[in-house]
Amino acid sequence: MPRFSANLGFLFTDVPEIERIAAAAAAGFKAVEMHWPYQVPAAEMRSALSRSQVTMLGLNTPVGNAAAGDFGLGALSGREAEFQQALDQAVSYGHAIGATAVHCMSGLVTPDAASAAERTLVTNLTLAADKASQADMTVLIEPINHRDKPGYFLHTIEQAASIIDQVGRRNVKIMFDCYHTQIMQGDLTRRLKDHLDLIGHVQIAAVPSRAEPDEGEIDYRDICRSLDRLGYSGWIGAEYKPRGRTEDGLGWLSTWTQDRSSNGREAVT
1 MPRFSANLGF
11 LFTDVPEIER
21 IAAAAAAGFK
31 AVEMHWPYQV
41 PAAEMRSALS
51 RSQVTMLGLN
61 TPVGNAAAGD
71 FGLGALSGRE
81 AEFQQALDQA
91 VSYGHAIGAT
101 AVHCMSGLVT
111 PDAASAAERT
121 LVTNLTLAAD
131 KASQADMTVL
141 IEPINHRDKP
151 GYFLHTIEQA
161 ASIIDQVGRR
171 NVKIMFDCYH
181 TQIMQGDLTR
191 RLKDHLDLIG
201 HVQIAAVPSR
211 AEPDEGEIDY
221 RDICRSLDRL
231 GYSGWIGAEY
241 KPRGRTEDGL
251 GWLSTWTQDR
261 SSNGREAVT
């Protein structure tokens, strides 16, 4: 089985954000990822990661004006300066805490603005890739489903692949969220195979509930075996909304890692 990271935007939310790192480590995770941890001073975050010996994989760019409905700025024409500010904050903070990637959120776009949005996103991601490379970071882009987030510009894997091709930077990758992709497109195994060289991170959650990955319509044990066969060497982010206490719902993790051990392979969490 591949390695699993804990998304602390959804997991261990019964404790303050800074304390979730230790909680994840106690549960066996060796890596974490966050959404928007900017309210925690970078020095405190890095210290907490060091104490728990946990790797920080990535974080999101700020969404913009959330009160006005913003959910990312990357594809919003006319707001390039705001995107640049959000990017600067994300890369600076991410570099300070040792994060390996930054997720550049594209934002909500009306259909009539799609062509301009694509051009804007390509331009912004080119700048983002160059800035991130100076901090030895990867830029991730994530297709998000229209059931949960109507109007989100980036919504299919093929669209993301086309954007990356236009950007032409090796450090821009897809964050392949199986939950979002199953809702929008399905055919996960084929899409993982077809775009493996462009995938920088994978995330999992049950469909349709977005709860623990041991329920719902996706056989994640088979997905993990497929990723093993394909040679995927990255992390799989547990980005789901627990049915109850996070610790009470981690049976899937122990079972899947035991599966790996029984096959004569090292158990990794």
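Just so you know, we're using full-length UniProt numbering here: the sequence shown kicks off at 1 and counts up by one.
Yeah, the Cβ is synthetic: ideal placement off N, Cα and C, and Gly gets one too.
Being a predicted model, the structure only gives us computed values, none of them experimental.
As assigned by DSSP and simplified to three states, the class of residue i
{"i": "Asp-14", "result": "coil"}
{"i": "Lys-193", "result": "helix"}
{"i": "Ser-5", "result": "strand"}
{"i": "Tyr-152", "result": "strand"}
{"i": "Gln-53", "result": "coil"}
{"i": "Gly-72", "result": "strand"}
{"i": "Ala-267", "result": "Bear in mind that the predicted position of Ala-267 carries a pLDDT of just 34, short of 50, making it too unreliable to give a figure here."}
{"i": "Arg-229", "result": "helix"}
{"i": "Glu-44", "result": "helix"}
{"i": "Glu-19", "result": "helix"}
{"i": "Arg-245", "result": "coil"}
{"i": "Ile-218", "result": "coil"}
{"i": "Ala-27", "result": "coil"}
{"i": "Ala-211", "result": "coil"}
Bounding residues of the beta strand (DSSP E) (the contiguous stretch that carries residue i)
{"i": "Met-34", "result": "Premise fails: Met-34 is in no beta strand (DSSP E) and is neither H nor E."}
{"i": "Ile-183", "result": "Looking at the DSSP string, Ile-183 is not in any beta strand (DSSP E); the run it does join, the alpha helix (DSSP H), is 178 to 184."}
{"i": "Val-122", "result": "No beta strand (DSSP E) contains Val-122, which is instead part of the alpha helix (DSSP H) from 114 to 134."}
{"i": "Ile-236", "result": "235 to 238"}
{"i": "Gly-200", "result": "199 to 204"}
Proximity below 7 Å, CB of residue i to CB of residue j
{"i": "Val-40", "j": "Glu-19", "result": "no"}
{"i": "Leu-108", "j": "Gly-168", "result": "no"}
{"i": "Phe-153", "j": "Ser-77", "result": "no"}
{"i": "Ile-164", "j": "Leu-198", "result": "yes"}
{"i": "His-180", "j": "Gly-234", "result": "no"}
{"i": "Trp-252", "j": "Glu-215", "result": "no"}
{"i": "Ala-246", "j": "Phe-12", "result": "The residue you asked about is not Ala; residue 246 is Thr in the sequence shown. It is a contact, given that the beta carbons lie within the stated cut-off."}
{"i": "His-195", "j": "Ile-157", "result": "yes"}
{"i": "Leu-227", "j": "Val-172", "result": "no"}
{"i": "Gln-203", "j": "Asp-177", "result": "yes"}
{"i": "His-95", "j": "Ala-67", "result": "no"}
{"i": "Ala-101", "j": "Thr-138", "result": "yes"}
Cβ distance (whole Å) where residue i is taken to contact residue j below 8 Å
{"i": "Leu-140", "j": "Ala-99", "result": "Contact doesn't hold; Cβ gap of about 11 Å is too wide."}
{"i": "Leu-73", "j": "Val-32", "result": "Actually they are not in contact, since the Cβ atoms of Leu-73 and Val-32 sit about 25 Å apart, beyond 8 Å."}
{"i": "His-146", "j": "Met-184", "result": "7 Å"}
{"i": "Leu-8", "j": "Ala-24", "result": "7 Å"}
{"i": "Ala-132", "j": "Pro-143", "result": "Actually they do not touch by this definition, with Cβ atoms about 20 Å apart."}
{"i": "Ala-117", "j": "Ala-75", "result": "4 Å"}
{"i": "Leu-192", "j": "Leu-230", "result": "7 Å"}
{"i": "Val-122", "j": "Gln-84", "result": "That belief does not hold up - the Cβ atoms of Val-122 and Gln-84 are roughly 15 Å apart, past 8 Å."}
{"i": "Ala-206", "j": "Phe-4", "result": "That belief does not hold up - the Cβ atoms of Ala-206 and Phe-4 are roughly 15 Å apart, past 8 Å."}
{"i": "Pro-62", "j": "Cys-224", "result": "Contact flag wrong, Cβ pair sits at about 32 Å."}
{"i": "Ile-97", "j": "Val-54", "result": "Contact doesn't hold; Cβ gap of about 11 Å is too wide."}
{"i": "Glu-82", "j": "Gly-64", "result": "6 Å"}
Strand pairing of residue i, partner residues [DSSP]
{"i": "Leu-140", "result": "His-103 and Lys-173"}
{"i": "Leu-59", "result": "Val-102"}
Enclosing alpha helix (DSSP H) for residue i [first to last residue]
{"i": "Cys-87", "result": "In the sequence as presented, Cys is not what sits at residue 87; that position holds Leu. Taken as a continuous stretch (DSSP letters only), the alpha helix (DSSP H) holding Leu-87 covers 80 to 97."}
{"i": "Leu-250", "result": "Counting along the chain, Leu-250 falls outside any alpha helix (DSSP H), and DSSP gives it neither H nor E."}
{"i": "Leu-108", "result": "Run containing Leu-108: none; DSSP gives neither H nor E here."}
{"i": "Ala-160", "result": "157 to 167"}
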